[in-house]
Each structure stands twice: as structure tokens, then as C-alpha cells.
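S.K.: Below are the C-alpha cells for one structure; questions will follow.
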Amino acid sequence: MQMKKEKWLLLGVALYLLVNIAGLMIPIVVNAAKYAQVGREILDHQDWINLTIGGDAYDQKPPLLFWIVALVFKLSGISVISYKAVVLLISLAGIYATFRLGHLLYGKRTGVLAAFMWSTCLGYVHFHNDIHTDTLLVVPVILAIWQYAAYFKYRKYYQFFLGAIFTGLGMLTKGPIAMVIIGASVGLHLLFTRDFKSIFNYRWLIAASVVILLILPALWGLYDQFGMEGIKFYFWTNNFGRFNGSYAGHNSDPFFYFHTTLYMMAPWAVFGFVGVFMQVREKVYKRAKRSVENEFYTLGGILVFFLINSFAKAKNPHYEMVVLPLIAILAARWAFLIFEKEAYLKIRKVIRPVHLVTGIMLFILSAIFLIYVFPETSVWIWGVVVVMAAAFIYVLTWEESLNKQLTYLVLSISALLFTLNTNVLPNMSQYQSSFEVCRVFNEKAEPEEKLHIYTGEGRLWEIFLYSKNYGRYIVSAEDFKRIPPPANDWLYTGPEGLRQLKEMRVLVDTILTLEHNSMTSIPIKFLNPETRPAKLKHRYLLKIRERSNLGLNNIKGSPHR
Numbered sequence: 000m001q002m003k004k005e006k007w008l009l010l011g012v013a014l015y016l017l018v019n020i021a022g023l024m025i026p027i028v029v030n031a032a033k034y035a036q037v038g039r040e041i042l043d044h045q046d047w048i049n050l051t052i053g054g055d056a057y058d059q060k061p062p063l064l065f066w067i068v069a070l071v072f073k074l075s076g077i078s079v080i081s082y083k084a085v086v087l088l089i090s091l092a093g094i095y096a097t098f099r100l101g102h103l104l105y106g107k108r109t110g111v112l113a114a115f116m117w118s119t120c121l122g123y124v125h126f127h128n129d130i131h132t133d134t135l136l137v138v139p140v141i142l143a144i145w146q147y148a149a150y151f152k153y154r155k156y157y158q159f160f161l162g163a164i165f166t167g168l169g170m171l172t173k174g175p176i177a178m179v180i181i182g183a184s185v186g187l188h189l190l191f192t193r194d195f196k197s198i199f200n201y202r203w204l205i206a207a208s209v210v211i212l213l214i215l216p217a218l219w220g221l222y223d224q225f226g227m228e229g230i231k232f233y234f235w236t237n238n239f240g241r242f243n244g245s246y247a248g249h250n251s252d253p254f255f256y257f258h259t260t261l262y263m264m265a266p267w268a269v270f271g272f273v274g275v276f277m278q279v280r281e282k283v284y285k286r287a288k289r290s291v292e293n294e295f296y297t298l299g300g301i302l303v304f305f306l307i308n309s310f311a312k313a314k315n316p317h318y319e320m321v322v323l324p325l326i327a328i329l330a331a332r333w334a335f336l337i338f339e340k341e342a343y344l345k346i347r348k349v350i351r352p353v354h355l356v357t358g359i360m361l362f363i364l365s366a367i368f369l370i371y372v373f374p375e376t377s378v379w380i381w382g383v384v385v386v387m388a389a390a391f392i393y394v395l396t397w398e399e400s401l402n403k404q405l406t407y408l409v410l411s412i413s414a415l416l417f418t419l420n421t422n423v424l425p426n427m428s429q430y431q432s433s434f435e436v437c438r439v440f441n442e443k444a445e446p447e448e449k450l451h452i453y454t455g456e457g458r459l460w461e462i463f464l465y466s467k468n469y470g471r472y473i474v475s476a477e478d479f480k481r482i483p484p485p486a487n488d489w490l491y492t493g494p495e496g497l498r499q500l501k502e503m504r505v506l507v508d509t510i511l512t513l514e515h516n517s518m519t520s521i522p523i524k525f526l527n528p529e530t531r532p533a534k535l536k537h538r539y540l541l542k543i544r545e546r547s548n549l550g551l552n553n554i555k556g557s558p559h560r
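For the sequence shown, position 350 (counting from the first letter as 1) is numbered 349 according to numbering that gives the first Met the number 0, and the numbering increases by one without interruption.
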């Protein structure tokens, strides 16, 4: 079935803009704020190589995202909206690369639909609000895979060179994981298509040289701050340590990324699962042929990611971002085949009701948020959602087709995402105590006074990002005693931190006592207005009035990194 009018595409572009523009106003918290703060400190210290957070050396991630933050802040001031907008603009290159790779492998229609699915899925929109290094990582990774795939089809040397550059930029974003996914995608394609001449080729030495040259700033900064331990951390500890749990992570669920895909690829998860399954089935039952059409780029990256990360101890939804465009390509390819080939009629009959129920449930969920969880009084927000619901009902009257399913699914996911960005997250931000803390501090603190985070209860990095004069992250009482902050400085902490200060006889004024729930944690009891108060925790904004000398002598210990 050749779609006469790709209404879903125009609608998807319009809703993509609406949902993402609405999301620009949402503040960033916790790790997303931490990464932005690292960029802010680059400007404050005028040091683009030796990264810091709260003044302490920072080794967790390479610098590319932080450089982008610093450049944006240099041009626009400390503006999270500008930062988000620039990341969205950069991500357009990843959407374009998804289109071009899908086009290269399976034709223009597949490329268009793959880019559409990638840019409208829940994972894409969520992690362009809650920006992580993975948000940026996916761009050079999909660009590199596209360029390598183009090179092995057309043999233009600049394509190979660009593939190496994008690989280096990926490693400058999040380290060796970029090379692993690109290497798995390209390497397994060459292996299974038996292109051994391309595997054993001197050009890979050139590519390796380009990659090393590009990651030198990251290695330089790590070595300068941490010596060889920093280099080891980049290549080994931060990767293998997350896999075996020796450095970070304790999640032993081997199916974590299978159920995570359900919402990361929503509402296209069914197409995604079916596409990957049918692609594997095709490879098993059909003898491989040496051609680009018989490709392994997509499965190579997807299956290696799932194999490695499903058994890794450190698991997070945003880790999956890097392979979602590859899943989208297979989802798009098989969506066309299933709806255009009579051989797949049975699969089509199963997918239709599942998608219908999915669309209805997404609208019901939006209604629950707007009516019960955080009752919405804004007419314009209700107006947008009602128009989307009316369009959804109208589309259900269309003749059964892929066009119909794509249109009503993008309407339903857009209604939910719009509700989250304009109702749920803004209301949740009222319980993110750090914003009120920064507002009061910025208004009342003198220029020389600083705002510190004290104990893990207060470890909300937006405290630094949104404050006019950030201090240090003081992890424990021992850290406090070793380098005590001066009188008149401010502290953000929780009940345990308050108890420790009393034990140390540090006299403080309680400026604010706040009820807190993190925007990154959404327990069911918090969403229920009746049980919400029971889920709120106390946090405090304190001002140091006087320190007792008792117990504040210097003690041994190394600074927190």
C-alpha cells in the first residue's frame, strides 16, 4: 500500500515542535543539572580540560557535552532554555542520519518513517528534557554508522573519514561505549557478509589515529588531574566496573532493557519488538547474501547492546538511547512489510487491537493526570488535549491502514507528552525543594556568601546550577570538619545533616523548612493526592551563624571528588 498522503508525517512534525517547545520550560534536576553545572564551571575557571563539579575534580564523563554547555552559557548567560534548544538542534543531525541510514538500507519510505518514529518516541522527548550524555551520544553514533554503511556501499573515502570523526566525537561524549556500538554494528555487518577484505584493511589504523587525536583532550584532562588512574578509569573502570558492579550498579534483572523498551520506544514499541524479532527470524531462515540490502548494521548494534547491558550491573533507561534509532529503522521496515504483504496478515490482525488499546490508554492516562493527579485549570492546556482527542476519534473512522495507526498513535503519545510537560512536571517542580532554596538564596544572600550541599540527602546538583554563588558538596561530618565553611555561608541538607550539625555544635539559623519529592522519583502514593503528604521528605535551608571549635580540628582524609 503506497500512502497517497503522508498526513502522519506533517502531523508528527507539528506535534514534535509543540511537545518539545513545551518541554523547554521544564527545569533540569539531579544528573542533568550536574552536567550543566560542569559546563558552568568551565567558564568560571576558564579551564576547558580539567573538569570540576562544586570545585572538585570530575572524572565521570568526557567533555564534549560540557563544552557545548559552556559555549551556550557563554553566549546566552546561564540559560537552561537555551541549552535545551541547542541540544534539540544538534539532535536534528541524528534524526537526519536515521533517515539517511534507513534510506540507504531499505529505501526512502523506511528512512522517513524511522526518523519519524525516533523523533516522536517517549525516550527521545523525555531525555531531551532530562539531558544526559546519552542524549548527545546517540547523534555521533548514528552518524558514524550511516557514514560507514555509505562507505562500504559507495567506497567514497571521505565517508570513511567522517565515520572515524563521528566515532571519535562519540568517545569524546561518553567514552568507549560509542566505539563498542559502532564497532558491533559495522564489524558484524562485515563479518556476516564475509567482507574480510574490508575487515583486514590498513584504513582502520587511520581511523584509530583520528579517534585517538579527537579524544586527546579528555585523556589529557584525566591524566592531569588523576594521573594514570584517570586513563584507566576512562578505558576500563568506568566501563567494566559498571558491567560487573565493582564500580557502580547492582541491578541483576536480565530483562531490564526489554521492559524498558516498552516505554522508551512508546508508542512504537510493538513495531520495534516485532521488527527486531522478524529481522532475526529472517536472518536465521534465509541464507546470508553479500549485499548491503542483506544488512547486519541494525541487528549488530542492537543485539550487542542488549547482550552486554542486560548482564551489566549498572542499568539505566537512558543507556538505551544509543540504539533506539536502529530499532526505529527495523520497526519502520517491518511496519511497511506487515501492512503491505498478505503473508503477514495474521501479525497485522494482532497489532491493530494492541495499538488501539495503547492509544486509548495514553489518552486515559492524560485525563487522569489532568483531572485527578494535578487538577488542571488552564483553558489552553485543556483545549490542546481536547483537540488531540477529537482528532484521535476522527482518525479511528478512517479505513484500516498503516497511515491510520501512525496518525492516531502519534496523537495519543503527543497528548501524554504535552500533559507531562505542561501539567505534571511543572506541578512536580513545586515539590522539588531545591528551586525554592535557590530562589531565596539568590534573593537574600550577600555576594560573598555561598550555598553548599551537605550530606547525600542534599545531593541535588541543581542547587549549584541555579544558585548565584555555589559552594561545595560536603559529603559527611568528617568533610565538614576538615574544611569547614565560613560563618554566614548557607547549607542545603536533610534531617541527618541537621542532626550531624547539632552534634558538631555548629550554630545555624533555619531559613526554610521544605517538603520535598524529587522530580526523578514518581511513586504511585505521590501521584495520589490523598497519600501524597506521606511521601514527602523534609529538607532544610540553613545559614551558618557560628561554629564551635569543638571537634573541628583538621582530620585526615582526601577531598571528595
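Positions of the beta carbon are idealized from the N, C-alpha and C atoms, including for glycine. Predicted model only: the values in this text are computed from it and were never measured.
Going by CA-CA distance only, name the one from F463, A206 and Y453 that's closest to L483.
M.R.: Correcting the residue identity first, residue 483 is Pro in this sequence and not Leu. Selected option, being the one with the closest Cα: Y453.
S.K.: Hey, would you say G174 sits closer than 8 Å to P61, going by beta carbons?
M.R.: The answer is yes: Cβ separation under 8 Å.
S.K.: Beta-carbon separation of E319 and Y233 under 8 Å?
M.R.: No, these two residues do not count as a Cβ contact at 8 Å.
S.K.: Less than 8 Å between the CB atoms is what I'm expecting for G169 and L221, so what's the real figure, rounded?
M.R.: About 17 Å separates the two Cβ atoms, so there is no contact after all.
S.K.: Only counting the same chain, and skipping five residues up and downstream in sequence, which positions put a Cβ closer than 7 Å to that of M264?
M.R.: Cβ within range, chain order: C120, G122, G271, L323 and I326.
S.K.: Name, in chain order, the residues that DSSP records as bridge partners for Y539.
M.R.: T492 and T512.
S.K.: Between the region 522-531 and the region 493-509, can you find at least three pairs of beta-carbon atoms closer than 8 Å?
M.R.: Cβ pair count under 8 Å is below three, so no.
S.K.: Between the alpha carbons of T396 and S413, how many angstroms are there, rounded?
M.R.: Looking at the two C-alpha atoms, the distance is approximately 20 Å.
S.K.: Quick one: residues in its chain with C-beta nearer than 8 Å to the C-beta of L103, no 5 flanking neighbours on either side, listed in chain order?
M.R.: So the qualifying residues of the chain are G110, W145, A148, A149, K152 and V291.
S.K.: Closest by CA to L415, which one among L364, Y105 and Y539?
M.R.: Among L364, Y105 and Y539, the Cα nearest to that of L415 is on L364.
S.K.: Between I141 and G93, which are expected to be in contact by the criterion C-beta below 8 Å, what is the C-beta distance as a whole number of angstroms?
M.R.: So it is a contact: roughly 5 Å between Cβ atoms.
S.K.: Just grab the DSSP bridge partners of H451 for me.
M.R.: Answer by DSSP bridge pairing, in chain order: L490.
S.K.: Taking L361 and P494 to be in contact with their CB atoms under 8 Å, please state how far apart those CB atoms are, rounded to whole angstroms.
M.R.: The Cβ separation is near 39 Å, so there is no contact.
S.K.: Does P26 pass the burial test, meaning 16 or more other C-beta atoms within 10 Å, or should it be called exposed?
M.R.: P26 should be labelled buried.
S.K.: With a Cβ-Cβ cutoff of 8 Å, do Q36 and W489 count as a contact?
M.R.: In this structure, W489 does not lie closer than 8 Å to Q36 by Cβ.
S.K.: What three-state label does DSSP hand Y430 in the structure shown?
M.R.: Looking at Y430 - three-state DSSP - the assignment turns out to be coil, as it is neither helix nor strand.
S.K.: How is V385 classed by DSSP in three states: helix, strand or coil?
M.R.: Note: V385 maps to helix in three-state DSSP.
S.K.: Once you ignore the five residues that flank G86 on each side, which residues in its own chain have a CB closer than 8 Å to its CB?
M.R.: Sequence check: residue 86 is Val here, not Gly. The residues are I67, H127, I130, T134 and L135.
S.K.: Quick one, are the C-beta atoms of G167 and I214 less than 8 Å apart?
M.R.: Contact: yes.
S.K.: Tell me the residue span of the beta strand (DSSP E) that contains R471.
M.R.: Run containing R471: Y469 to I473, per the beta strand (DSSP E) assignment.
S.K.: Decide if G457 is buried, meaning its Cβ has at least 16 other Cβ atoms within 10 Å, or exposed.
M.R.: Buried, because 16 or more other Cβ atoms sit within 10 Å of the Cβ of G457.
S.K.: If you count every other CB in all the chains shown that lies within 10 Å of the CB of L540, and 16 or more means buried, which is it?
M.R.: Buried, by the Cβ-count rule.
S.K.: Looking only at C-alpha atoms, which of L91, Y156 and D223 sits nearest to I48?
M.R.: For I48, the nearest C-alpha among the options comes from D223.
S.K.: Looking at C-alpha atoms only, which residue of R531, I521 and G496 is the closest neighbour of R538?
M.R.: When only C-alpha atoms are compared, the closest one is G496.
S.K.: Of all the alpha helix (DSSP H) runs that stay within the bounds of the region 176-235, which reach a length of 4 or more residues?
M.R.: Complete alpha helix (DSSP H) runs here, min 4: 176-191, 195-198, 202-225 and 227-231.
S.K.: Quick one: using the 10 Å Cβ neighbour count with 16 as the cut-off for buried, is K83 buried or exposed?
M.R.: The residue in question, K83, is buried, as its Cβ has 16 or more Cβ neighbours within 10 Å.
S.K.: How many whole angstroms separate the CB atoms of F65 and L50, which I take to be in contact at a CB cut-off of 8 Å?
M.R.: About 6 Å; that satisfies the 8 Å criterion.
S.K.: Distance, Cα to Cα, K107 vs G101?
M.R.: Taking the straight line joining both Cα atoms gives about 7 Å.
S.K.: Skipping 5 residues on each side, what residues in its chain have a beta carbon closer than 7 Å to that of K285?
M.R.: Excluding positions up to five away in sequence, the list is empty.
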